[in-house]
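K.L.:
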Amino acid sequence: MSEYDYDELGLVAGLEIHQQLDTATKLFCQCPTELREPEESTRSFTRYLHPTRSELGEIDQAALEESKVDREFEYLAYDTTCLVEEDDEPPHELDAEALETALEIAQLMDMKPVDQAHVMRKIVVDGSNTTGFQRSTLIATEGEIETSEGAVGIEDMLLEEESAQRVEETDSGVRYSLDRLGIPLVEIGTSPDISTPEQALEAAERIGMLLRSTGKVKRGLGTIRQDVNVSIEEGARVEIKGVQSLDDIDDIVRNEVGRQAELVDIAAELAEREASVGEVQDVTDVFAETESGVIAGALNSGGSVMAVPLYGFDGIVGREIAPDRRLGTELSDHAKRHGTGGIFHTDELPAYGVTEGEVDDLREAVGAGSEDAVAIVAADTDVAEAAIDAAAERAATALEGVPEETRDANDDGTTRYLRPLPGAARMYPETDVPPVEPDPSEVPEPELLTEKVERYRDEYGLGEGLAEQVAYGEYMPLFEDVVADGVDPTLAASTLESTLTELRRDDVPVENLEREHLEGVFAMAESGDLPNEGVPDLLTALAEDPDRTAEEAAEEAGLGGADEEEVRDAIAEVVERNEEQVEEEGMQAFSGLMGECMGALRGKADGDLVSELLREEIQKRA
Numbered sequence: 001m002s003e004y005d006y007d008e009l010g011l012v013a014g015l016e017i018h019q020q021l022d023t024a025t026k027l028f029c030q031c032p033t034e035l036r037e038p039e040e041s042t043r044s045f046t047r048y049l050h051p052t053r054s055e056l057g058e059i060d061q062a063a064l065e066e067s068k069v070d071r072e073f074e075y076l077a078y079d080t081t082c083l084v085e086e087d088d089e090p091p092h093e094l095d096a097e098a099l100e101t102a103l104e105i106a107q108l109m110d111m112k113p114v115d116q117a118h119v120m121r122k123i124v125v126d127g128s129n130t131t132g133f134q135r136s137t138l139i140a141t142e143g144e145i146e147t148s149e150g151a152v153g154i155e156d157m158l159l160e161e162e163s164a165q166r167v168e169e170t171d172s173g174v175r176y177s178l179d180r181l182g183i184p185l186v187e188i189g190t191s192p193d194i195s196t197p198e199q200a201l202e203a204a205e206r207i208g209m210l211l212r213s214t215g216k217v218k219r220g221l222g223t224i225r226q227d228v229n230v231s232i233e234e235g236a237r238v239e240i241k242g243v244q245s246l247d248d249i250d251d252i253v254r255n256e257v258g259r260q261a262e263l264v265d266i267a268a269e270l271a272e273r274e275a276s277v278g279e280v281q282d283v284t285d286v287f288a289e290t291e292s293g294v295i296a297g298a299l300n301s302g303g304s305v306m307a308v309p310l311y312g313f314d315g316i317v318g319r320e321i322a323p324d325r326r327l328g329t330e331l332s333d334h335a336k337r338h339g340t341g342g343i344f345h346t347d348e349l350p351a352y353g354v355t356e357g358e359v360d361d362l363r364e365a366v367g368a369g370s371e372d373a374v375a376i377v378a379a380d381t382d383v384a385e386a387a388i389d390a391a392a393e394r395a396a397t398a399l400e401g402v403p404e405e406t407r408d409a410n411d412d413g414t415t416r417y418l419r420p421l422p423g424a425a426r427m428y429p430e431t432d433v434p435p436v437e438p439d440p441s442e443v444p445e446p447e448l449l450t451e452k453v454e455r456y457r458d459e460y461g462l463g464e465g466l467a468e469q470v471a472y473g474e475y476m477p478l479f480e481d482v483v484a485d486g487v488d489p490t491l492a493a494s495t496l497e498s499t500l501t502e503l504r505r506d507d508v509p510v511e512n513l514e515r516e517h518l519e520g521v522f523a524m525a526e527s528g529d530l531p532n533e534g535v536p537d538l539l540t541a542l543a544e545d546p547d548r549t550a551e552e553a554a555e556e557a558g559l560g561g562a563d564e565e566e567v568r569d570a571i572a573e574v575v576e577r578n579e580e581q582v583e584e585e586g587m588q589a590f591s592g593l594m595g596e597c598m599g600a601l602r603g604k605a606d607g608d609l610v611s612e613l614l615r616e617e618i619q620k621r622a
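Residue numbering for the sequence shown follows full-length UniProt numbering, beginning at 1 and increasing consecutively.
1. Thinking C-beta only, is Ala471 closer than 8 Å to Leu449?
2. CB-CB under 6 Å to Phe287, same chain, minus the five flanking residues each way: which ones, in chain order?
3. Jot down the residue ranges of each uninterrupted beta strand (DSSP E) in the region 161 to 203, minimum 3 residues, whole runs only, in chain order.
4. What's the C-alpha gap between Glu464 and Leu500?
5. For residue 671 and Phe479, what's the separation of their Cα atoms in angstroms?
6. Per DSSP, which residues does Phe73 bridge with? Please list them.
7. Going by DSSP in three states, His517 sits in which element: helix, strand or coil?
8. Report all residues from its chain with a CB closer than 6 Å to the CB of Thr196; omit the five preceding and five following residues, and keep chain order.
9. Whole angstroms are fine: how far does the CA of Glu405 sit from the CA of Ala63?
10. Can you give me the C-alpha to C-alpha distance between Ser245 and Thr414, rounded to a whole angstrom?
11. Residue range of the beta strand (DSSP E) that His92 falls in?
12. Quick check: the Cα distance between Val243 and Arg225, rounded to an integer number of angstroms?
13. Measure the CB-CB distance between Met109 and Gly143 and report whether it falls below 8 Å.
14. Any heavy atom of the ligand SAM inside 7 Å of the beta-carbon of Arg166?
15. Identify the residues that DSSP records as bridge partners of Ile207: which are they?
16. Once you ignore the five residues that flank His517 on each side, which residues in its own chain have a CB closer than 7 Å to its CB?
17. State the DSSP-derived secondary structure class of Thr501, mapped to helix, strand or coil.
18. Compare the beta carbon distance of Val567 and Leu530 with 8 Å and say whether it is the shorter of the two.
19. Leaving aside the five residues before and after Pro192 along the sequence, list all residues of the same chain whose C-beta is less than 6 Å from its C-beta, in chain order.
20. What does DSSP give as the partner residues of Lys122 in its beta bridges?
21. Could you spell out the range, first to last residue, of the alpha helix (DSSP H) harbouring Pro536?
22. Answer yes or no: do Val574 and Ala600 have a C-beta to C-beta separation smaller than 8 Å?
23. Measuring alpha carbon to alpha carbon, tell me which residue in His92, Ala96, Arg71, Phe45 is nearest Tyr78.
24. From the DSSP output, in three-state form, read off Phe590 for me.
25. I'd like to confirm the pairing. Which residues does DSSP put opposite Met306 in its beta bridges?
26. Determine the contact status of Glu155 and Thr190, defining contact as a CB-CB distance below 8 Å.
27. What ranges does the alpha helix (DSSP H) occupy inside the region 437 to 503, keeping only unbroken runs of at least 4 residues that lie completely in it?
28. Specify, as a first and last residue, the run of the beta strand (DSSP E) that Asp432 falls within.
29. Name, in chain order, the residues that DSSP records as bridge partners for Val217.
30. Return the CA-CA distance between Glu214 and Glu100, expressed in angstroms with no decimal places.
31. Roughly how far, in whole angstroms, is the beta-carbon of Glu437 from the beta-carbon of Met120, given that I think they are within contact range, below 8 Å?
32. Among residues of its own chain, excluding the 5 on either side of Asn512, which ones have a beta-carbon nearer than 6 Å to its beta-carbon?
33. Let me know the secondary structure DSSP gives Gly153 once reduced to three states.
34. With distances taken Cα to Cα, identify the nearest neighbour of Ser494 among Ser441, Leu159, Asp485, Glu533.
35. Taking the alpha helix (DSSP H) that Arg293 belongs to, which residues open and close that run?
36. Count the C-beta pairs between the region 265 to 272 and the region 336 to 349 that are closer than 8 Å, then say yes if the count reaches three, no if not.
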């Protein structure tokens, strides 16, 4: 896709950043915020969800469309799952730790906290919440961040409960896991001040840095998600959900601009052709003898082939509107929402076992000429009818240009249709949770990561690279805590950012190490019970058997500190074993023997002490 003139196209974009908070408990209950493996679940239950009317008697269109797909939702529960998560008990009060963290974030973005925060219900019937809604609370408004292309306003920040984690599709619906449901997260919405893909990326990176500066947000894949709102002057507002990686944001914006520009051009060309969408027809008879596996499979199961003529659409259904995506892909995405595998259309036929003769017969059956296209769906009759109707509706919107809608981000930087844009009818008050009055005066302003790098360098003597690694790394809060407890900053930093990386490369399962393991290792090093050189060995022992404490693992592995006499004896033994080399080389033998001594002591002694005693021993014998 070529680069566009974004000013000329009138690009307007905004971001919604969703960041999980690293609190001890969930937003409306006392359950832990730790993720679990689905295999650990102890039971499951099922639900069916349906949209409800708002207080004004309206039904949200996004929820209505979602409810048209009849699905059963199964939820995996754990030994930590409570009745609030199952929606069998009213929610508790808003979590105080989550509120405090949200207020810290508000300070970093120069936002104004609300006088009173009211919990609202946001209708969601895709199964990701057992309640059929998500609880959301406005915390602050009217902030701002800076980018190299100008200021970007921060319109609002909400404190919300995270949705359940989607595990897999099932024959009857979707299976979710309740471990993630209810984890506190903040949703930060920018003003539509972004005018280039590069500025979108920069703004997202700035917000991400501010969030991490608190030291109180979760890290790792899936803990932060970006939604991007994109429109061009002749297009429409499109909300793109679920951008997992910051690095994808500029590509997402760039591709969406291209998609909308192509759809605008298509609408103009269809208008010139006086194009229209015809009536849906049953064309099963055309394919009675077909050799197409997909179509024959549907017919053999008692299904039907439904078609819609697209007058004036020839060559346009197959036109590319984004990398490897065509207008026909858009029609297919809408059809798939109703349980079919997609559509076939005449811009790509004959293919897939459909012959040229069948294409001619298909055109004749629906009254389509050479300037027209035809789309077909083969499936169970009810599914085929619903799917072809959806495809026909999407073809009709192509006559108008760009539809307003919510789209899902793909891994390749493109997007696919998800549902209509939600409206105001999806929000209504939560009557089970009392309002709170945020008090920002009690919340200290966090130190920015950029400021931390400077302080680590100046106060702790860390090199620029290591200081930046620690400040921006996931272990920053732990580093600050152990250094405050007296652990040497260089040891703490190099262990967290270098030693753990090296052990991971050596296939040590460092993912098994919890905070308490690392704290235990640092405490032993600080007290002198573990030489610095023994830290990697002790971390390895703990990673391989995480059920032990640092003290237990050290004792079992013989990693406690050796006294000076024990060190002298070990060094004397090494020197005696290499006596001939020492006599010939003298102090030149030091380097080789130093490694052998450290290996013999297996991390029981500090390197400086070993070096000092080894030099003494060599001098005696040289």
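All C-beta atoms in this analysis are idealised placements derived from N, C-alpha and C, irrespective of residue type, glycine included.
P.N.:
Looking at the coordinates:
1. Remark: C-beta atoms of Leu449 and Ala471 approach each other more closely than 8 Å.
2. The answer, listed in chain order, is Ile295, Val305.
3. Taking 3 residues as the shortest admissible run, the region 161 to 203 contains the following complete beta strand (DSSP E) segments, listed from N- to C-terminal end: 165 to 169, 173 to 177, 184 to 190.
4. Within the model, the alpha-carbon separation for Glu464 versus Leu500 is close to 19 Å.
5. The structure shown does not extend to residue 671, since the chain is modelled only from 1 to 622, so the question has no answer here.
6. According to DSSP, which records beta bridges pairwise, Phe73 is partnered with Arg47, Val174.
7. The answer is helix: DSSP assigns His517 an H, G or I state.
8. Around Thr196, the same chain offers Tyr6 as residues with beta carbons nearer than 6 Å, after the five sequence neighbours per side are excluded.
9. Unreliable positioning characterises Ala63 in this predicted model, as indicated by a pLDDT of 46, which lies under 50. A coordinate reading is not provided.
10. The straight-line gap from Cα to Cα measures roughly 13 Å.
11. Here His92 belongs to no beta strand (DSSP E), and DSSP marks it neither H nor E.
12. So the two alpha carbons sit approximately 6 Å from each other.
13. Going by beta carbons, Met109 and Gly143 fall inside the 8 Å limit.
14. With respect to the ligand SAM, the structure offers nothing, as it holds no ligand at all.
15. Within the DSSP bridge table, the entry for Ile207 names no partner.
16. The beta carbon of His517 sits closer than 7 Å to the beta carbons of Leu542, Pro546, Ala550 from its chain, once the five residues preceding and following it are set aside; these are given in chain order.
17. Looking at Thr501 - three-state DSSP - the assignment turns out to be helix.
18. Here Val567 is not near Leu530, since their CB atoms are 8 Å or more apart.
19. In chain order, Val12, Gly14 place their CB closer than 6 Å to the CB of Pro192, counting only its own chain and leaving out the 5 sequence neighbours on each side.
20. DSSP, once it has assigned bridges, lists Gln134, Met427 as partnering Lys122.
21. It spans 535 to 544 - the alpha helix (DSSP H) in which Pro536 sits, taken as one unbroken run.
22. Result yes, Cβ atoms of Val574 and Ala600 sit closer than 8 Å.
23. Closest option to Tyr78, Cα to Cα, is Phe45.
24. Three-state DSSP puts Phe590 in a helix.
25. Met306 is bridged by DSSP to Asp282, Val377.
26. The answer is yes: Cβ separation under 8 Å.
27. If we require 4 residues or more, the alpha helix (DSSP H) runs fully inside the region 437 to 503 come out as 449 to 460, 464 to 472, 476 to 484, 489 to 494.
28. The continuous stretches of beta strand (DSSP E) do not include Asp432, and DSSP gives it neither H nor E.
29. Leu21.
30. A small correction: the amino acid at residue 214 is Thr; Glu does not occupy that position in the sequence shown. Spanning the two alpha carbons is a distance of roughly 11 Å.
31. Contact doesn't hold; Cβ gap of about 17 Å is too wide.
32. Within the same chain, Asn512 has close Cβ partners Ala543, Pro546.
33. Of the three classes helix, strand and coil, the one that applies to Gly153 here is strand, per DSSP.
34. When the alpha-carbon of Ser494 is set against those of Ser441, Leu159, Asp485, Glu533, the nearest one is in Glu533.
35. The amino acid at residue 293 is misidentified as Arg; the sequence shows Gly. Membership of Gly293 in the alpha helix (DSSP H) is indicated by the continuous run 293 to 300.
36. Verdict: no, contact absent.
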